[in-house]
Every structure is written in C-alpha cells, then in structure tokens.
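Inspection log for the structure reproduced underneath, given as structure tokens.
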Amino acid sequence: MPSGDASGKTLSFEDARHTVEEHASHLRPRGKELLELLDAVGLVLAEPVFADRNLPPFPRATRDGYAVRTADLAHLPATLQVVGEIKAGANTSIELESGQAAAIMTGAPAPPGADSVVMVEYTSRTGDRVEIMKAVAAGDNIVPTGSEARRGERLLSPGTRLDHAAIAVASSVGRSHLLVYSKPRVAVLATGDEVVDIDVPPAPYQIRNSNSYSLAAQIQAAGGEPILLPIAPDEPERLRELVADGLEADLLLLTGGVSMGKYDLVEQVLAEFQTEFFFTGAQIQPGRPIVFGRVAPASSPAEPKYFFGLPGNPVSTMVTFELFARPVLEALAGLPPRRLVFLHAKLKSEIKTKPGLKRFLPALLSGEFEQAEVELIRWQGSGDIAATARANCYLVIPADREQIAAGEWVPILIR
Ligand code: AMP
Ligand code: MG
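Taking the working numbering, the leading residue of the sequence shown gets 173, the next gets one more, and so forth.
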C-alpha cells in the first residue's frame, strides 16, 4: 500500500539543509555506556564532569623566580632575604614574612604570605640575598586557588565531543572511566545492477562498489558504526527486503537509484513503506537527486527511522553525506545541533561556471600560515573518484555566481 509521495520536492541547498537540521534537533541517542577514558576518545559525553577539588588546588606559580610580598618592592632595587626553595611537587612549610623571598619553580605552590612571583630574569642572587630589579603587581605570576574552577563546578556537559582538551579535563579530575552515548548504527545499502563487491573480479561492464566503503569511512569519522548491507539489484523485491533490513538500524543510507532513470527504484520502493519524503532533490552539484525522508516501521510506528537516498555517483555520495547525512548522524551520536559554516580562502585562479546550482567542487587548499589559497582540481565530473582523492577540500560556489576572479575570498568545506 503506497503511502508516501515521492513526487518532486526540490529545495534550495539552504532550505534542504535547514530541513535536515530541524529533524536532527529532535533526535536522541539510543543508549549510553561506560568506557575507559581512552576508549571514549572521539565519542560524545553522556554525563556531566565535575571538578573534584579546586583548580588549581593551590596558588600555582607560573614562572621560575622568587615568591615575594609585593609591598616589600616599593623601592627598587629591593634586597630580600631568601628563606628557602619551593619546587613543584614539594610540600613546604615556608611562610613569608616582610623582607623575605622564597626561590620558586613553575608549578610549585606559592607560600602563605607571598602575593606575587618575580621572574628569575629580573633578579640577582648572592648567597641568601636576592636583589629584585623590577616591580610586580600583586597577583602577578600566581594563579589563585580555585580561580580556574571551584570544587563541584561543572567542567564538561553531556553532548561534548571528547577531543584532546576534553580528555585533559577528565584526566585532571581523576576520571578514568566516562559515560558516553552509544554510537549510532548506520546501515549502508548500495544499489545498482552494475555494482559488484570489491572481492569479486568485475566484468568489463561492472563497477566495483566504492560508495559503501567511502560512506563507512565517513560514518566512522562522524562517530557512527557502519553496517554494510549486501548490494541491492535494480529490482523491487530484493531492494524492498534490504530496505526493511536497513530500517532496523538507527539510520539508513542508500546510494544510487534516485535519478530519473527507468531502473531508479529507490523512491518507488521506499514509498511502499509508511514513508514521508521531506525532499527529493536539492539545487546543488554534485548531488542534485538527494532524497531525505522518514519511515514509521510497522513494528514501532512511534519510532520513525530516517533515511537518505544518496545519488550513486561516488563524489555525489561523499558530498551529500557531508552536507545532509552528517547532522542526523551527529544528533543520533548525542551532539547538540550546530550550523554548517564554511571557512574562506583566496582563490588561486579564475573560475567560470553556470549559475543555478550551488556547487561543491573538489579543490586543493595550499599555502602557508595566514596565506591560504584554493584552486579547483581538474576532474571528469561526479564519477571521478581519482581526482577527488587528490583534493583536500570542496570549493563552494554560490548558485548566483558565473565568474569568480583570482584573489577573491571563496568559501570552502574542509574534508
Ligand atoms: P545512479 O545514481 O544509480 O544512477 O548511479 C550513478 C552512477 O554512480 C553510475 O555511474 C553508477 O555506476 C555509479 N554508482 C552507483 N552506485 C555505486 C557504488 N556503490 N559504487 C561506485 N559507483 C556507483
Ligand atoms: Mg543505479
């Protein structure tokens, strides 16, 4: 019983992206698990992480030099009596009195009585005397106890991607295990009578399945767990079975079979399920026939499953994953919604193009430091995997541009 309407809903790139973001904003991860700290790298935190003590736990010297009482330095140079040395990790009982200083190392606790540290470069030591040549203000080169965080303060929130900085925070408060969101399972279903598995010798008219593997790599990089289904032929019965299998996962990505050809059956087969189509095309190149929708499985109608029908041309598959599937995957992985932003680089050589579609073309970002330059890679169109593998970004050409001059700032999507 066909219930979906797959007939023409082509959106602008921006509207299509916003449609996906709106749906993604209502999605939640499937579950949580407790992992060892380093197994959690790259995953998304599912609990808050709190400071177990004040940070820093003592007034921390940030320079090698002398801990002093600033009031003793009213007249310079000032000569102070050195009453001891405090190194990082040492438990000292020194208390500074007026006229006294203590040699101190970076990372050591400033002693009671001291209110600043004078860098060693501005001092001259003779025996137990030190001459201070330069004024300091109270508080200089000491980070006060608890000024970075108070004991009990929340340092990381659920929804934080555990990158190296977050891992540093977790380690600093003694968390050897973290509760993270389970990775979403993403089913990948390649379609096409010409498509064969990579371990089968292809006949001259056959094409090896690269889309399932490029998608698996993108899914892993985005924090998901790919599940590769067998290749579906351009034949409704088997396609239907495999789509049903794919809908068991948290997200289903199909490739191929979404163009206007006689054997492009993906929309037709999907429409037989309890399906809503949010769009069946976007004004972009590559990737124009992209399909986004949702199926309410008969077994659990309250838990609809999202799917994307990605165009089969390999570069279209890669680009449409980044532009549209990634936000849904990230939401299922537990990340809060975020807008897509393009960085900018200077165009190396002029581009002429036809207006009408927003283009995401394989490009090479080069240069150094503040001088980022970008140029298009020569390619044979959206089937050209070899050229795309030589690129390191996509150059974004707005739909209304016919010509872009060398030296203009252009948006890019880093790969
Ligand atoms: P389609 O979107 O099914 O019309 O396919 C567009 C182009 O992409 C055709 O040249 C297909 O042979 C190619 N293609 C489709 N699926 C794959 C795949 N899984 N791996 C590599 N190329 C594919
Ligand atoms: Mg096909």
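All C-beta atoms in this analysis are idealised placements derived from N, C-alpha and C, irrespective of residue type, glycine included.
What you are looking at is a predicted structure, and each value in this text was computed from that prediction instead of being measured.
Per DSSP, which residues does residue 447 bridge with? Please list them.
For the purposes of this step, residue 447 is identified with residue 275 of the sequence shown, where counting begins at 1. Answer is 467.
Nearest-angstrom Cα separation, counted from residue 288 out to residue 310:
Position 138 of the sequence shown, counted from the first residue, corresponds to residue 310. Position 116 of the sequence shown, counted from the first residue, corresponds to residue 288. Rounded to the nearest angstrom, the two C-alpha atoms are 5 angstroms apart.
Measuring CB to CB, does residue 440 end up less than 8 angstroms from residue 468?
Position 268 of the sequence shown, counted from the start, is the residue given in the question as residue 440. Position 296 of the sequence shown, counted from the start, is the residue given in the question as residue 468. No; because the gap between Cβ atoms is not below 8 angstroms, this pair is not in contact.
Cβ neighbour criterion (16 or more within 10 Å) applied to residue 227:
Residue 227 sits at position 55 when you count from the first residue of the sequence shown. Residue 227 is buried by the Cβ-count criterion.
Cα separation between residue 408 and residue 427?
Numbered from 1 along the sequence shown, position 236 holds the residue referred to as residue 408. Numbered from 1 along the sequence shown, position 255 holds the residue referred to as residue 427. The alpha-carbon atoms of residue 408 and residue 427 are separated by roughly 15 angstroms.
Run the proximity test for residue 436: is its beta-carbon closer than 7 angstroms to any non-hydrogen atom belonging to the ligand AMP?
For the purposes of this step, residue 436 is taken as residue 264 along the sequence shown, with counting starting at 1. Yes, the Cβ of residue 436 comes within 7 angstroms of a heavy atom of the ligand AMP.
Separation of residue 359 from residue 376, as counted between CA atoms
Mapped onto the sequence shown, residue 376 falls at position 204. Mapped onto the sequence shown, residue 359 falls at position 187. In this structure, the alpha-carbon of residue 376 lies about 29 angstroms from that of residue 359.
Is it a yes or a no for the segment 295-308 touching the segment 276-283, going by three-plus beta-carbon pairs under 8 angstroms?
Of all C-beta pairs linking the segment 295-308 to the segment 276-283, fewer than three are shorter than 8 angstroms, placing the two stretches out of contact.
Would you tell me roughly how many angstroms separate the C-alpha atoms of residue 286 and residue 340, rounded to the nearest one?
The residue given as residue 286 occupies position 114 in the sequence shown. The residue given as residue 340 occupies position 168 in the sequence shown. Taking the straight line from one Cα to the other gives about 30 angstroms.
With a 10 Å radius around its C-beta and 16 neighbouring C-beta atoms as the bar for buried, classify residue 175 as buried or exposed.
As a position in the sequence shown, residue 175 is number 3, starting the count at 1. With a pLDDT of 47 at residue 175, under the threshold of 50, the predicted position of this residue should be treated as unreliable, though the coordinate-derived value follows. The residue is exposed, with fewer than 16 neighbouring Cβ atoms inside 10 Å.
According to DSSP, is residue 391 helix, strand or coil?
Against the sequence shown, residue 391 aligns to sequence position 219. Helix.
For residue 459 and residue 183, the rounded distance between their alpha carbons
Against the sequence shown, residue 183 aligns to sequence position 11. Against the sequence shown, residue 459 aligns to sequence position 287. Those two C-alpha atoms are separated by around 12 angstroms.
May I ask you to list the residues that DSSP assigns as paired with residue 516?
Looking up residue 516 in the sequence shown gives position 344. BP columns for residue 516 point to 583.
Between the alpha carbons of residue 268 and residue 255, how many angstroms are there, rounded?
As a working note, residue 268 is residue 96 in the sequence shown. As a working note, residue 255 is residue 83 in the sequence shown. Spanning the two alpha carbons is a distance of roughly 8 angstroms.
Selected residue, minimal CA-CA separation from residue 323, among 187, 352, 230 and 265
Residue numbering aside, residue 323 sits at position 151 when the sequence shown is read from its first letter. Ranking the options by Cα distance to residue 323, first place goes to 230.
Between the CA atoms of residue 422 and residue 470 - distance to the nearest angstrom:
Translated into the one-based positions of the sequence shown, residue 470 becomes position 298. Translated into the one-based positions of the sequence shown, residue 422 becomes position 250. Using only the alpha carbons, I get a separation of about 15 angstroms.
Just to confirm the assignment, what range does the alpha helix (DSSP H) spanning residue 405 have?
As a working note, residue 405 is residue 233 in the sequence shown. Segment: none, residue 405 is in no alpha helix (DSSP H) and carries neither H nor E.
Please name the residue or residues paired with residue 432 in a DSSP beta bridge.
Against the sequence shown, residue 432 aligns to sequence position 260. For residue 432, DSSP records no beta bridge to any residue.
Roughly how many angstroms separate the alpha carbons of residue 275 and residue 568, rounded to a whole number?
As a position in the sequence shown, residue 275 is number 103, starting the count at 1. As a position in the sequence shown, residue 568 is number 396, starting the count at 1. Going from the Cα of residue 275 to the Cα of residue 568 covers about 57 angstroms.
Cβ neighbour criterion (16 or more within 10 Å) applied to residue 436:
Here residue 436 refers to the residue found at position 264 of the sequence shown. Its Cβ being crowded by 16 or more others within 10 Å, residue 436 is buried.
Backbone CA spacing between residue 500 and residue 265 [nearest angstrom]:
In the sequence shown, residue 500 corresponds to position 328, counting from 1. In the sequence shown, residue 265 corresponds to position 93, counting from 1. So the alpha carbons of these two residues sit roughly 57 angstroms apart.
Could you pull the DSSP bridge partners for residue 418 from this structure?
The residue labelled residue 418 in the question sits at position 246 within the sequence shown. Residue 418 pairs with nothing; no bridge assigned.
Do residue 354 and residue 530 count as a contact pair if the criterion is CB distance below 8 angstroms?
Reading the sequence shown from its first residue, position 358 is the one you call residue 530. Reading the sequence shown from its first residue, position 182 is the one you call residue 354. Taking 8 angstroms as the Cβ cut-off, residue 530 and residue 354 do not qualify as a contacting pair.
Ordered along the chain, which non-local residues of its own chain (more than five positions away) have a Cβ less than 8 angstroms from that of residue 508?
Counted from its first residue, the sequence shown places residue 508 at position 336. Contacts found: 331.
Quick one: residues in its chain with C-beta nearer than 6 angstroms to the C-beta of residue 478, no 5 flanking neighbours on either side, listed in chain order?
Start at 1 with the first residue of the sequence shown, and residue 478 comes out as number 306. These residues qualify, in order along the chain: 423, 466 and 500.
Could you tell me if the beta carbon of residue 364 falls within a distance shorter than 7 angstroms of some heavy atom in the ligand AMP?
The residue labelled residue 364 in the question sits at position 192 within the sequence shown. Checking the Cβ of residue 364 against the ligand AMP gives yes.
Are residue 525 and residue 580 close, meaning C-beta to C-beta below 8 angstroms?
In the sequence shown, counting from the first residue as 1, residue 525 sits at position 353. In the sequence shown, counting from the first residue as 1, residue 580 sits at position 408. In this structure, residue 580 does not lie closer than 8 angstroms to residue 525 by Cβ.
For residue 181, which of 489, 491 and 448 has the nearest alpha-carbon?
Sequence index remark: in the sequence shown, residue 181 carries index 9 (1-based). If we check each option's Cα against that of residue 181, 448 comes out closest.
If you draw a straight line from the C-alpha of residue 457 to the C-alpha of residue 417, how long is it?
Here residue 457 corresponds to residue number 285 of the sequence shown, with the count starting at 1. Here residue 417 corresponds to residue number 245 of the sequence shown, with the count starting at 1. Looking at the two C-alpha atoms, the distance is approximately 30 angstroms.
Would the C-beta of residue 484 count as close to the ligand MG, meaning under 7 angstroms from any of its heavy atoms?
Counting from one through the sequence shown, the residue named residue 484 turns up at place 312. True, at least one ligand heavy atom lies under 7 angstroms from that Cβ.
Confirm the yes/no value for this check: CB of residue 433, any heavy atom of the ligand AMP, distance under 7 angstroms.
Numbered from 1 along the sequence shown, position 261 holds the residue referred to as residue 433. Yes - the ligand AMP has a heavy atom lying nearer than 7 angstroms to the Cβ of residue 433.
Can you grab the Cα-Cα spacing for the pair residue 219 / residue 502, in whole Å?
For the purposes of this step, residue 219 is identified with residue 47 of the sequence shown, where counting begins at 1. For the purposes of this step, residue 502 is identified with residue 330 of the sequence shown, where counting begins at 1. Cα to Cα, residue 219 sits roughly 17 angstroms from residue 502.
Entirely within the segment 313-350 and at least 4 residues each: give me those alpha helix (DSSP H) ranges in chain order.
336-344
Using DSSP bridges, identify the partner residues of residue 291.
Counting from one through the sequence shown, the residue named residue 291 turns up at place 119. 237.
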